[in-house]
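Peer 1:
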Amino acid sequence: MSYDLPIPRQGTHTKPFWDGTREGKLMLPRCQDCNRVHWYPRHICPNCHSTNLEWIEGSGEGRVHTYAVQHLVFGPWKEQAPFVTAYIDLNEGDRMLTVLRGVDPNKPEEIRIGARVRVEFEQANDDTFIPYWRVVED
Amino acid sequence: MPGALYKSAAIVGAAEANQIGFLKEPVTALQLHIEAIKNLSDQTGIPISRIDGVFSTGWTTELCEHLGIKPKYIDTTAVGGCSFELHVHHAMAAIHAGIIDVALISHGENGHSAGQLGGRGVSNYARGAGDLSPAHEMTMAYGLNSAPSNYAHAMVRHMHRYGTVREDYAHIAKVTRDWATLNPRAAMYSKDKHPFGGPITVQQVEESRLITWPLTILHCCMVTDHGGAVFVVSPKVAASLHTPPVWIAGAGESMGHGTMMEMDDFTKTSARLSAEAAYTMAGLGPADMEMAQVYDSFTITAAITVEMLGLAKPGEGHLFWKEGRAAPGGDFPINTNGGGLSFNHSGMYGMPLLIEAYRQLSGTAEDGVNGDPGKQTSARTCVVNGTGGSLSATGTLVLLADD
Ligand SMILES: [Zn+2]
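Residue numbers (this note's numbering), protein chains in the order written: chain V, 1 to 138; chain H, 139 to 541.
#1: Can you tell me whether D33 (chain V) sits near ligand 1, meaning its C-beta is under 6 Å from at least one heavy atom of the ligand?
#2: Does the beta carbon of G268 (chain H) come closer than 7 Å to any beta carbon on chain V?
#3: From C202 (chain H) to F369 (chain H), what distance separates their C-alpha atoms?
#4: Pull up the distance between the alpha-carbon of L449 (chain H) and that of G365 (chain H), whole angstroms please.
#5: With a threshold of 7 Å between beta-carbons, can M139 (chain H) be considered close to chain V, or not?
#6: Comparing alpha-carbon positions, which option in H:E391, H:D402, H:S221 lies nearest A415 (chain H)?
#7: Give the DSSP-derived three-state secondary structure of G478 (chain H) in the structure shown.
#8: Looking only at its chain, what residues have a beta carbon closer than 7 Å to the beta carbon of G468 (chain H), apart from the 5 residues adjacent to it on each side?
#9: Under 9 Å between beta-carbons, which chain H residues line up against H49 (chain V)? List them in chain order, please.
#10: Rounding to the nearest angstrom, what Cα-Cα distance links H332 (chain H) and F481 (chain H) in this structure?
#11: Run through DSSP, which three-state label would M360 (chain H) get?
#12: Specify, as a first and last residue, the run of the alpha helix (DSSP H) that W385 (chain H) falls within.
#13: Return the CA-CA distance between G268 (chain H) and L320 (chain H), expressed in angstroms with no decimal places.
#14: Using only the heavy atoms of ligand 1, determine whether one of them is closer than 6 Å to the beta carbon of N482 (chain H).
#15: Could you give the first and the last residue of the continuous alpha helix (DSSP H) run that contains R295 (chain H)?
#16: Please confirm whether H227 (chain H) and A389 (chain H) have their CB atoms less than 7 Å apart.
#17: Under DSSP, the alpha helix (DSSP H) around F17 (chain V) begins and ends at which residues?
#18: Is W459 (chain H) helix, strand or coil when you go by DSSP?
#19: Within 10 angstroms of its Cβ, does Q498 (chain H) collect 16 or more other Cβ (buried), or is it exposed?
#20: Does the Cβ of F470 (chain H) have 16 or more other Cβ atoms within 10 Å, making it buried, or fewer, making it exposed?
#21: What in chain V is Cβ-close to G281 (chain H), meaning under 8 Å?
#22: Note down, in chain order, each residue of its chain lying with its Cβ closer than 8 Å to the Cβ of H291 (chain H), except the 5 sequence neighbours on either side.
#23: To be precise: take each residue of the stretch 344-372 of chain H, compare its Cβ to all Cβ atoms of chain V, and keep it if any distance is under 9 Å. Which residues remain?
#24: Starting from I472 (chain H), follow its DSSP beta bridges and name the residues at the other end.
#25: Specify, as a first and last residue, the run of the beta strand (DSSP E) that Y67 (chain V) falls within.
#26: Applying the 10 Å Cβ sphere with the 16-neighbour rule, what's the burial state of F436 (chain H)?
#27: Below 8 Å on the Cβ atoms is my guess for Q70 (chain V) versus A81 (chain V); work out the distance and round it to an integer in Å.
#28: Can you check which of these residues, H:D540, H:V192, H:N475, H:S500, is closest to G512 (chain H) by C-alpha distance?
#29: Are T150 (chain H) and T182 (chain H) touching if we call contact CB-CB under 7 Å?
#30: Would a check of beta-carbon distances place A264 (chain H) closer than 7 Å to chain V?
#31: Return the chain-ordered ranges of every beta strand (DSSP E) run that is complete within the stretch 318-372 of chain H and spans a minimum of 3 residues.
#32: If we ignore side chains and look at the alpha-carbon of each, how far apart do F458 (chain H) and A464 (chain H) end up?
#33: What's the C-alpha gap between G488 (chain H) and T532 (chain H)?
#34: Within the present structure, is the beta-carbon of S346 (chain H) separated from the nearest heavy atom of ligand 1 by less than 6 Å?
#35: Under the three-state reduction of DSSP, which class applies to R258 (chain H): helix, strand or coil?
#36: Return the chain-ordered list of same chain residues with a C-beta closer than 8 Å to the C-beta of L97 (chain V), the five sequence neighbours on each side being excluded.
Next up, the structure:
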């Protein structure tokens, strides 16, 4: 089945992230001076402004910070509506946007802020795997 | 004690394009700009040739060329709908520095007409940082492509944190519509003006169509056509005019993030910081304010904003509307023109905030229609707050009526 949703154009300095997704790893940028993980990948640490950055393999686990259910949608995602979008608090720190899986968009009140989530990767084309997060049991 | 820029400039006029709202005959953004500027010049008696500073969201070159003016100060700050509050801040600084005397701040946006005309249209909203920006790269896959698709996440977090329910915020839409029914220029003034115009109930707000849960369509602003302009001038120029000045006592600006993923706390905006700067410059605080004009892109935006401005405790912003304080006849009027929810919202709403604040504090807010009490209030102080992008940037002004 072909993937007909928007596919990011990969940047040069985000290559380790996309390389990781092909192996099922969630690679995250970390500052070697303040040890904090940040997301999205920067050219400089947004916390201490060091440029001494490295990539680490994240746990691929986190919690739902907040969410919404998309009903009126434009563009390629229109066919998927309603679907749930969420911001994920990564276990390593900072936050990531996703389309949340394992939840019922027609029962938004049942989705829980703080719910445990795990990342999974869907192949979009030859060299792009897109991270999605799924609610898992506590 | 007020800061150095306290009352160093005044707004001395505020005008709009000849027609605004859901226009049947499509208009261009440039036409909306020029009509408002011409009306502003006529209103104040300031000739267009007298303008020496031009402030707009990216339109400055085209406006100067179109008007044949050669400004001494040029500003194209475009950080979303709040840009116009930032323009006022920048204009007063340029006036205080002695660089200019007459600043034009201009807005024209054909959010409604653009669909019929094609080409350059709507707002600066949500273009993202563009290709090869990592923020865009890491968010573009997930189907968020409108303002409500983003803002709803803040509403869910705000409800979670403070134990509020959606109906609490629905009062904001209902009360703001009540104001619109006192304003013949409001798009939702009446059923005659728009099929969905006229008064609404909280229940109707709750039961209207879902856009992004929990936001129903009546929790969301409209997309219309609007043009507007104000003059910010030096005290000396203000003294020479027949229009009443409204004094800029304080101004501040800040930003929290660009993309919503970078928002530290989904229940707070940078209005905390921009308001603190504005109050400090004014030597005044929230308790000195008698009314507010706040950007209501969504009901949640208005609720968070009054909390950030120090007018309400965190989580209690919606009570201004729910308890009727913000309503016509209430003790603290808010969004007296009908707001972005029911007056007009072309994509960027910062200019209508300025225009309504000027009208209220200059006593020209269109008294009484059809025997209604009208929307003119007796307030002498007003705090204005614009919010741009995805709850990203803010500009706050503290305005005072002339003594
Ligand atoms: Zn660091």
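All C-beta atoms in this analysis are idealised placements derived from N, C-alpha and C, irrespective of residue type, glycine included.
Peer 2: In this structure, then:
#1: yes
#2: Residue placement at G268 (chain H) cannot be trusted, given a pLDDT of 44 that sits under 50; what the coordinates show is reported in the next sentence. Not one chain V Cβ lies under 7 Å of G268 (chain H).
#3: 15 Å
#4: 30 Å
#5: no
#6: H:E391
#7: helix
#8: G462
#9: Correct list: empty, because the minimum Cβ distance to chain H is about 16 Å.
#10: 12 Å
#11: coil
#12: It is not in any alpha helix (DSSP H) - W385 (chain H) instead sits in the beta strand (DSSP E) that spans 384-393.
#13: In this predicted model, G268 (chain H) has a pLDDT of only 44, less than 50, meaning its place in the structure is not dependable enough to derive any value.
#14: no
#15: 285-300
#16: yes
#17: 15-22
#18: helix
#19: buried
#20: buried
#21: L5, P6, Q70, V73, G75, P76, W77, Q80, F83, T85, V99
#22: M398, F404
#23: R347, L348, I349, T350, W351, P352, L353, I355
#24: H:A430
#25: 61-70
#26: buried
#27: 6 Å
#28: H:N475
#29: Per the sequence shown, residue 150 (chain H) should be read as Val rather than Thr. Against a cut-off of 7 Å, the Cβ pair of T182 (chain H) and V150 (chain H) comes out as a contact.
#30: Residue confidence for A264 (chain H) is low, a pLDDT of 35 falling below 50, so the modelled location carries little weight; the figure read from the coordinates is stated next. No, because no Cβ of chain V sits closer than 7 Å to the Cβ of A264 (chain H).
#31: 348-351, 363-371
#32: 5 Å
#33: 10 Å
#34: no
#35: Note that R258 (chain H) scores a pLDDT of 43, beneath 50, so its modelled location is shaky; the value from the coordinates is reported in the next line. DSSP places R258 (chain H) in coil when its eight states are reduced to three.
#36: T85, A86, Y87, I88
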